[in-house]
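So that you can map any letter, position 194 of the sequence shown is 824 in the working numbering, and since no number is skipped, the others follow by simple counting. We put the beta carbon where it would ideally sit given N, CA and C, even for glycine. See below for the structure under consideration.
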Amino acid sequence: MNRATSAVSQFAAQVQGNVGQAIIGKARSIELLLVALLCEGHVLLEDVPGTGKTTLARALAASLGLSFRRIQFTPDLLPSDVTGLSFFNQKLSEFQFRTGPLFANLVLADEINRATPRTQSALLEAMQERTVTIDGETRPLPRPFLVLATQNPIELEGTFPLPEAQLDRFMIKLDLGYPTLEEEEQIVLRYERASPLDTLGAVAGGAELAAAQREA
631 MNRATSAVSQ
641 FAAQVQGNVG
651 QAIIGKARSI
661 ELLLVALLCE
671 GHVLLEDVPG
681 TGKTTLARAL
691 AASLGLSFRR
701 IQFTPDLLPS
711 DVTGLSFFNQ
721 KLSEFQFRTG
731 PLFANLVLAD
741 EINRATPRTQ
751 SALLEAMQER
761 TVTIDGETRP
771 LPRPFLVLAT
781 QNPIELEGTF
791 PLPEAQLDRF
801 MIKLDLGYPT
811 LEEEEQIVLR
821 YERASPLDTL
831 GAVAGGAELA
841 AAQREA
């Protein structure tokens with residue numbers, strides 16, 4: 631193992647261990663999530679509610695000191711609600727840009743298949759290009775940039791399934807699954823007094839992540 635590989639492995643182990651303080655029994659899922667992050671890919675979490683998807687996303691963002699935004703996708707969500715929009719400021723008599731929740735390092739796109747194809751396309755295009763174009767002006771998204779999208783594979787009424795071509799925008803598809811009885815007991819004990827997310831600190835920062843991505 632050369633020095634670069636060793637550094638990446640050490641980085642991944644630190645982050646995985648820290649995330650594991652908040653989410654129990656999902657070591658393999660955390661590992662695959664880190665693989666996607668290091669390869670600058672995106673992840674689709676396909677599972678039923680209550681399996682820890684939001685906790686996983688928040689724990690990863692906290693462990694790396696990344697900005698985090700959650701978008702709840704619904705049929706009435708507009709593309710501009712995701713990407714942002716230009717508006718006319720009457721006091722300054724000029725147009726200004728208001729960033730949308732997509733302008734974050736880690737974005738949780740919750741129930742992506744509940745949004746219309748038009749809104750889905752706005753997100754998926756940004757995932758591919760890592761930019762958004764509004765009123766003819768292209769704006770770069772923050773780096774690093776990772777999208778964790780979720781969808782419920784069981785409840786399909788009122789949804790807009792992602793076409794296969796758009797599913798290819800995701801590097802990895804994961805299902806977390808329900809915890810075992812032993813893991814449930816550990817979760818109850820760990821969360822009995824307070825959520826570990828409240829005290830979860832960063833074990834690495836943007837510079838370390840960028841270096842690991844270059845070496846991965």
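**Item:** Glu592 versus Gly714, Gln816, Gly647, Lys683, residue with shortest Cα-Cα distance
**Value:** Given that the chain is displayed from residue 631 to residue 846, the structure contains no residue 592 and the question cannot be resolved.
**Message:** For Gly695, which residues in the same chain have their Cβ closer than 6 Å to its Cβ, ignoring the five residues on either side in sequence?
**Reply:** Position 65 of the sequence shown, counting from 1, holds the residue named residue 695. Cβ neighbours of Gly695 within its own chain (closer than 6 Å, five residues either side excluded): Ala832, Gly835.
**Request:** Can you say whether Glu653 is buried or exposed, counting buried as having 16 or more other CB atoms within 10 angstroms of its CB?
**Result:** On the sequence shown, position 23 is the one that residue 653 refers to. The sequence shown places Ile at residue 653, not Glu. Buried.
**Asked** Taking contact to mean at least 3 C-beta pairs separated by less than 8 Å, is the stretch 707-721 in contact with the stretch 653-672?
**Response** Contact between the stretch 707-721 and the stretch 653-672 is absent, because fewer than three Cβ pairs lie under 8 Å.
**Item:** Own chain residues within Cβ distance below 6 Å of Val638, not counting five before or after
**Value:** Taking the first residue of the sequence shown as 1, we reach residue 638 at position 8. Excluding residues within five positions, the ones whose Cβ falls inside 6 Å are Ala842, Glu845, Ala846.
**Request:** Note the first and the last residue of the continuous alpha helix (DSSP H) segment covering Pro809.
**Result:** Counting from 1 along the sequence shown, the entry for residue 809 is found at position 179. Counting along the chain, Pro809 falls outside any alpha helix (DSSP H), and DSSP gives it neither H nor E.
**Prompt:** Beta carbon of Gly714, beta carbon of Arg728: below 7 Å?
**Reply:** As a first step, residue 714 must be located in the sequence shown, where it is residue number 84. As a first step, residue 728 must be located in the sequence shown, where it is residue number 98. Cβ distance < 7 Å, so Gly714 and Arg728 count as in contact.
**Message:** Using 8 Å for Cβ pairs, my map puts Arg820 next to Gly788. What's the rounded Cβ distance?
**Reply:** Position 190 of the sequence shown, counting from 1, holds the residue named residue 820. Position 158 of the sequence shown, counting from 1, holds the residue named residue 788. Going by Cβ atoms, the distance from Arg820 to Gly788 rounds to 35 Å, so no, they are not a contact pair.
**Message:** So if DSSP puts Pro770 in a beta bridge, which residue, or which two residues, is it bridged to?
**Reply:** Position 140 of the sequence shown, counted from the first residue, corresponds to residue 770. Thr761.
**Message:** Using only CA atoms, which one of Val645, Asn782, Asp765, Ile802 lies nearest to Cys669?
**Reply:** For the purposes of this step, residue 669 is identified with residue 39 of the sequence shown, where counting begins at 1. Ranking the options by Cα distance to Cys669, first place goes to Ile802.
**Message:** Using only the alpha-carbon positions, how far apart do Thr685 and Leu738 sit?
**Reply:** Taking the sequence shown and counting its residues from 1, the one referred to as residue 685 is at position 55. Taking the sequence shown and counting its residues from 1, the one referred to as residue 738 is at position 108. The alpha-carbon atoms of Thr685 and Leu738 are separated by roughly 10 Å.
**Request:** Could you tell me how far apart the beta carbons of Leu847 and Ala779 are, in whole angstroms, since I believe they sit closer than 8 Å?
**Result:** What is shown of the chain runs 631 to 846, which leaves residue 847 out entirely.
**Prompt:** Per DSSP, what kind of secondary structure is Ile802 in: helix, strand or coil?
**Reply:** Locating residue 802 in the sequence shown gives position 172, where the first residue counts as 1. Strand at Ile802.
**Prompt:** Looking at C-alpha atoms only, which residue of Lys721, Leu771, Gly655 is the closest neighbour of Val712?
**Reply:** The residue you call residue 712 lines up with position 82 of the sequence shown. It is Leu771.
**Asked** From what residue to what residue does the alpha helix (DSSP H) around Glu724 run?
**Response** Along the sequence shown, one-based indexing puts residue 724 at 94. If you look at Glu724, you'll find it isn't in any alpha helix (DSSP H); it sits in the beta strand (DSSP E) that goes 724-729.
**Message:** Give me the residue from Lys656, Gln651, Gly650, Leu664 with the minimum Cα distance to Phe641.
**Reply:** Translated into the one-based positions of the sequence shown, residue 641 becomes position 11. Nearest option by C-alpha distance: Leu664.
**Request:** My understanding is that Val762 touches Arg773, with C-beta atoms under 8 Å, so please give their C-beta distance in whole angstroms.
**Result:** Reading the sequence shown from its first residue, position 132 is the one you call residue 762. Reading the sequence shown from its first residue, position 143 is the one you call residue 773. Not quite, the Cβ-Cβ distance comes to about 14 Å (not below 8 Å), so this is no contact.
**Asked** Which whole runs of the alpha helix (DSSP H) in the stretch 699-749 are 4 residues long or more, in chain order?
**Response** If only uninterrupted alpha helix (DSSP H) runs of at least 4 residues are considered, those enclosed by the stretch 699-749 are 709-713.
**Asked** Thinking just about the alpha-carbon of each residue, which of Arg799, Glu815, Ile817, Leu690 is nearest to the one in Gly671?
**Response** Reading the sequence shown from its first residue, position 41 is the one you call residue 671. Comparing C-alpha distances from Gly671 to each of Arg799, Glu815, Ile817, Leu690 shows the shortest one belongs to Arg799.
**Asked** Is Pro747 closer than 7 Å to Phe790 when the C-beta atoms are compared?
**Response** Position 160 of the sequence shown, counted from the start, is the residue given in the question as residue 790. Position 117 of the sequence shown, counted from the start, is the residue given in the question as residue 747. Contact flag set, yes.
**Prompt:** What did DSSP end up calling Leu776 once you bin it into helix, strand or coil?
**Reply:** Position 146 of the sequence shown, counted from the start, is the residue given in the question as residue 776. Strand, per DSSP.
**Prompt:** Quick one: what's Leu827 bridged to in DSSP?
**Reply:** Within the sequence shown, numbered from 1, the residue matching residue 827 stands at position 197. BP columns for Leu827 are empty, so no partner.
**Request:** Determine the DSSP secondary structure at Leu673, reduced to helix, strand or coil.
**Result:** What you label residue 673 is simply residue 43 of the sequence shown in a count that begins at 1. Position check: residue 673 holds Val in this sequence, whereas Leu was assumed. In this structure, Val673 counts as strand in the three-state DSSP scheme.
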